[in-house]
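Notes follow once the structure below has been shown.
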Amino acid sequence: AGVEDQPELAAAAVARLAENEELRGRQALEARRRAESESFSLVGAQLDELYRGLRKRRRVPRPEDPLVDRDWIFCDLHMHTSWSHDCAVEPRDLVEHAEARGLGAIAVTDHNSLGGALVAAAEAADRPLVVIPGEEVKTEGQGEVIGLFLADEIPGRLSFEETISAIREQGGLVYLPHPFDRMHTIPDATTLHRHLADIDVFEVYNARLLFEAYNDEAVRFAHKYNLTMGAGSDAHVLQGVGTGGLRMRAFEGPEEFLISLRSAEIVRRPRSLMYLQSLKWVAQAKERVR
Numbered sequence: 003a004g005v006e007d008q009p010e011l012a013a014a015a016v017a018r019l020a021e022n023e024e025l026r027g028r029q030a031l032e033a034r035r036r037a038e039s040e041s042f043s044l045v046g047a048q049l050d051e052l053y054r055g056l057r058k059r060r061r062v063p064r065p066e067d068p069l070v071d072r073d074w075i076f077c078d079l080h081m082h083t084s085w086s087h088d089c090a091v092e093p094r095d096l097v098e099h100a101e102a103r104g105l106g107a108i109a110v111t112d113h114n115s116l117g118g119a120l121v122a123a124a125e126a127a128d129r130p131l132v133v134i135p136g137e138e139v140k141t142e143g144q145g146e147v148i149g150l151f152l153a154d155e156i157p158g159r160l161s162f163e164e165t166i167s168a169i170r171e172q173g174g175l176v177y178l179p180h181p182f183d184r185m186h187t188i189p190d191a192t193t194l195h196r197h198l199a200d201i202d203v204f205e206v207y208n209a210r211l212l213f214e215a216y217n218d219e220a221v222r223f224a225h226k227y228n229l230t231m232g233a234g235s236d237a238h239v240l241q242g243v244g245t246g247g248l249r250m251r252a253f254e255g256p257e258e259f260l261i262s263l264r265s266a267e268i269v270r271r272p273r274s275l276m277y278l279q280s281l282k283w284v285a286q287a288k289e290r291v292r
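First residue of the sequence shown: 3, per the working numbering; consecutive thereafter.
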């Protein structure tokens, strides 16, 4: 290694030049002779080679996509069944409807319940539709956290940190839904920033939000902190399924799911929120009459 690779040697050389006028003169004369002996074209070629080397060092190699040969599918990562207190859609009906609409994958995420997701996954076992078992867990005062790829139900009213730990303990993924929907309880800024590294997927589009600005804020936040982005309809009626989601590569299991999200595209297919909410109210009224 020479002076250019060792800062200590470089510092010592500079100190010698500062103290020795004769040495400075000799080196200046040698530098002038070298410069006069080199043609402009030679210097240009050397500089060009130097710049090419710098570009190679600065360029971050793009990771190869191991799923590049997989089919593109449409995936809706947030929806509910009759296992949620505010939804009347049976899991079987949800699966049949999602398949009929051409979805390739869905995540069933009932409120504080995993049963509907497991029933839906069983219904889809012999179908091309992939069902990710999930649960939208209400935390103690810090909004909701969705666990994806779950096997066991997680109780509500745990702390934000405890909910994340319960998801992690069973190998699930942490999906943060509607993080800036101020019409509902959401995590405060301190909690959100403290747990950024724990969030596997950050929902940047939720088709049921009253104000689109909340989705836009989530997009900006995800870009700022380089978070993996997700999207879903948050459907509580069949007509809402597929109104939000992602175009992504087909996947198997949580690892490939995260890889697929790297190249996924957010898809917005909004319908009138008042229309969907009205359908939800009608369905709930029918359930009460039964």
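Ideal Cβ positions, reconstructed from N, Cα and C, are used throughout, including at glycine. Just so it is clear, the structure is predicted and the values come from calculations on it, not from any experiment.
Going by beta-carbon coordinates alone, are I268 and L69 separated by less than 8 Å?
Locating residue 268 in the sequence shown gives position 266, counting from the first residue. Locating residue 69 in the sequence shown gives position 67, counting from the first residue. No, Cβ-Cβ distance for I268 and L69 is not below 8 Å.
Please tell me whether S235 and D78 are closer than 8 Å, where the distance is taken between their beta carbons.
For the purposes of this step, residue 235 is taken as the residue at position 233 of the sequence shown. For the purposes of this step, residue 78 is taken as the residue at position 76 of the sequence shown. Using a Cβ distance threshold of 8 Å, S235 and D78 count as a contacting pair.
By the three-class DSSP mapping on this structure, what secondary structure does P135 have?
Taking the sequence shown and counting its residues from 1, one reaches residue 135 at position 133. Correct three-state label for P135: strand.
With DSSP as the reference, label I156 as helix, strand or coil.
Here residue 156 refers to the residue found at position 154 of the sequence shown. Coil.
Go through its chain and collect everything with a Cβ distance to R61's Cβ below 7 Å, but skip five positions before and after it.
In the sequence shown, the residue the question calls residue 61 occupies position 59. In this prediction, R61 has a pLDDT of 49, which is less than 50 and means its spatial position is unreliable; nothing more can be read from the coordinates.
Where the alpha helix (DSSP H) containing N217 begins and where it ends:
Numbered from 1 along the sequence shown, position 215 holds the residue referred to as residue 217. Counting along the chain, the alpha helix (DSSP H) containing N217 begins and ends at 214–226.
I want to see whether chain D comes within less than 8 Å of A153, judged by CB atoms only; does it?
Given the protein chain composition of this structure (a single chain), no chain D is represented.
Beta-carbon within less than 7 Å of G174's beta-carbon, same chain only, minus the 5 sequence neighbours each way: which residues are those?
The count along the sequence shown starts at 1 and reaches residue 174 at position 172. Only G149, L150, F151, L152 meet the Cβ criterion.
Please state if the CB of R103 and the CB of G246 are separated by a distance shorter than 8 Å.
Taking the sequence shown and counting its residues from 1, the one referred to as residue 246 is at position 244. Taking the sequence shown and counting its residues from 1, the one referred to as residue 103 is at position 101. The answer is no: Cβ separation not under 8 Å.
Going by DSSP in three states, V91 sits in which element: helix, strand or coil?
Here residue 91 refers to the residue found at position 89 when the sequence shown is read from its first residue. V91: coil per DSSP, three-state reduction.
For the stretch 74–91 against the stretch 215–228, do three or more pairs of beta-carbon atoms, one drawn from each stretch, fall closer than 8 Å, so that the two count as touching?
no
Give the DSSP-derived three-state secondary structure of F204 in the structure shown.
For the purposes of this step, residue 204 is taken as the residue at position 202 of the sequence shown. F204: strand per DSSP, three-state reduction.
Any idea if Q144 is buried or exposed, counting beta-carbon neighbours within 10 angstroms, 16 or more meaning buried?
Taking the first residue of the sequence shown as 1, we reach residue 144 at position 142. With 16 or more other Cβ atoms within 10 Å, it is buried.
Give me whichever residues DSSP pairs with E173 in a beta bridge.
The residue labelled residue 173 in the question sits at position 171 within the sequence shown. Here residue 173 turns out to be Gly, not Glu, going by the sequence shown. In DSSP, G173 forms no bridge with anything.
Use the C-beta contact count for H87: other C-beta atoms within 10 angstroms, 16 or more gives buried, fewer gives exposed.
Walking along the sequence shown from the start, residue 87 turns up at place 85. H87 comes out exposed.
Return the bridge partner residues of G247 from the DSSP annotation.
Numbered from 1 along the sequence shown, position 245 holds the residue referred to as residue 247. DSSP, once it has assigned bridges, lists V269 as partnering G247.
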